[in-house]
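*Asks:* My questions will all concern the structure given below.
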Amino acid sequence: MDRSYAVFGLGEFGRSVCHELMELGADVLAVDRNEAQTIAIADDVTMAVAIDCLNEMAYEKLGLNNMDGVVVSMSGNLGASIMAIMAAKDAGVPLVIAKASDDTQRTIFQKVGANRVVIPERDGAVRAARNLLAKNFLDYIELSDKISIVEINVKREWLNQRLADLNLRSRYGLNVIAVRRDGELLTDIGPDATFIMGDTILVVTDKQDLGLERGK
Numbered sequence: 001m002d003r004s005y006a007v008f009g010l011g012e013f014g015r016s017v018c019h020e021l022m023e024l025g026a027d028v029l030a031v032d033r034n035e036a037q038t039i040a041i042a043d044d045v046t047m048a049v050a051i052d053c054l055n056e057m058a059y060e061k062l063g064l065n066n067m068d069g070v071v072v073s074m075s076g077n078l079g080a081s082i083m084a085i086m087a088a089k090d091a092g093v094p095l096v097i098a099k100a101s102d103d104t105q106r107t108i109f110q111k112v113g114a115n116r117v118v119i120p121e122r123d124g125a126v127r128a129a130r131n132l133l134a135k136n137f138l139d140y141i142e143l144s145d146k147i148s149i150v151e152i153n154v155k156r157e158w159l160n161q162r163l164a165d166l167n168l169r170s171r172y173g174l175n176v177i178a179v180r181r182d183g184e185l186l187t188d189i190g191p192d193a194t195f196i197m198g199d200t201i202l203v204v205t206d207k208q209d210l211g212l213e214r215g216k
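The opening position of the sequence shown corresponds to residue 1 in UniProt numbering, with each subsequent residue numbered one higher.
Take a look at the structure:
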């Protein structure tokens, strides 16, 4: 089943995120206070809606409780950004990513509930969208400029096979450090470990290898 995301703010960064997510097969709800912006992108996303982003009641009709993630890209409007972040968290959205223009905004957005904050001038809109919200990436943590920890869905062809036989390290550059199963994190992962339907895995990998998993 496709994942669903809402993107608030349809400036250059927000539009880039929308387009990347659509290319990755996600359902995208694009939201902006400017109706002209929503009309311009309507044919490129699943749905586009214009709302008053400072009106708390406006968020209730968006179905945010059904979203796998929300991207808030309205750093030029601090109040609207805070309102959108809080609305998403109140709706139980598991992943809220906010665009900030500086470190002060980053701190504010983190304090009101954003799981992750990006500064596009440093991070890059397209790279941030792909790395943080790619269809198979459930979580992403940078350890250094080259190394990351990523949580990904187990591929169907990996099910019921010994970890040693999958050769994930040599084939994909993935070093499995844990399995998440039924909400429990299993860290005692040996060569005879097998994956079952619903498992996700935490892997350490070189960022250059992330493209092998993206969108597959």
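We put the CB at the ideal spot given by N, CA and C, even for glycine.
If you drop the 5 nearest sequence neighbours on each side, which residues of the same chain put their C-beta closer than 6 angstroms to that of ILE196?
*Replies:* none
*Asks:* Straight-line CA distance for ALA40 to VAL49?
*Replies:* 11 angstroms
*Asks:* Can you tell me whether ASP182 is buried or exposed, with buried defined as 16 or more other CB within 10 angstroms of its CB?
*Replies:* exposed
*Asks:* Which class does ASN175 belong to by DSSP, given the choice of helix, strand or coil?
*Replies:* Residue state, collapsed to three classes: strand.
*Asks:* Return the bridge partner residues of ALA193 from the DSSP annotation.
*Replies:* BP columns for ALA193 are empty, so no partner.
*Asks:* How about ILE82 and VAL112: are their beta carbons less than 8 angstroms apart?
*Replies:* yes
*Asks:* For ASN131, name the three-state secondary structure that DSSP assigns.
*Replies:* At ASN131, the pLDDT of 49 sits below 50, so the modelled position is not reliable and the matter cannot be decided from this model.
*Asks:* Identify whether ALA164 lies in helix, strand or coil by the three-state DSSP scheme.
*Replies:* Helix, per DSSP.
*Asks:* What did DSSP end up calling ARG3 once you bin it into helix, strand or coil?
*Replies:* coil
*Asks:* Applying the 10 Å Cβ sphere with the 16-neighbour rule, what's the burial state of ARG106?
*Replies:* buried
*Asks:* Give the list of continuous beta strand (DSSP E) stretches no shorter than 3 residues that lie fully inside the UniProt domain "RCK N-terminal" (2-119).
*Replies:* 4-8, 27-32, 47-50, 69-72, 96-99, 116-118
*Asks:* Thinking VAL176 and ILE201 are a contact (beta carbons under 8 angstroms), I'd like their distance in whole angstroms, please.
*Replies:* 5 angstroms
*Asks:* Checking 8 angstroms against the spacing of the C-beta atoms, do SER73 and VAL7 come in under that value?
*Replies:* yes
*Asks:* Measure the CB-CB distance between GLY92 and ASN115 and report whether it falls below 8 angstroms.
*Replies:* no
*Asks:* Candidates VAL203, LEU185, LEU166: which alpha carbon is nearest PRO191's?
*Replies:* LEU166
*Asks:* Can you tell me which of ALA26, ASN160, CYS53, SER101 puts its alpha carbon nearest to the alpha carbon of ALA88?
*Replies:* CYS53
*Asks:* Where do the ends of the beta strand (DSSP E) carrying LEU185 lie?
*Replies:* 184-186
*Asks:* Out of GLY63, ALA84, ALA36, ASP68, which one is the CA nearest neighbour of ASN55?
*Replies:* ALA84
*Asks:* For LEU174, which residues in the same chain have their Cβ closer than 6 angstroms to its Cβ, ignoring the five residues on either side in sequence?
*Replies:* LEU168, VAL203, THR205
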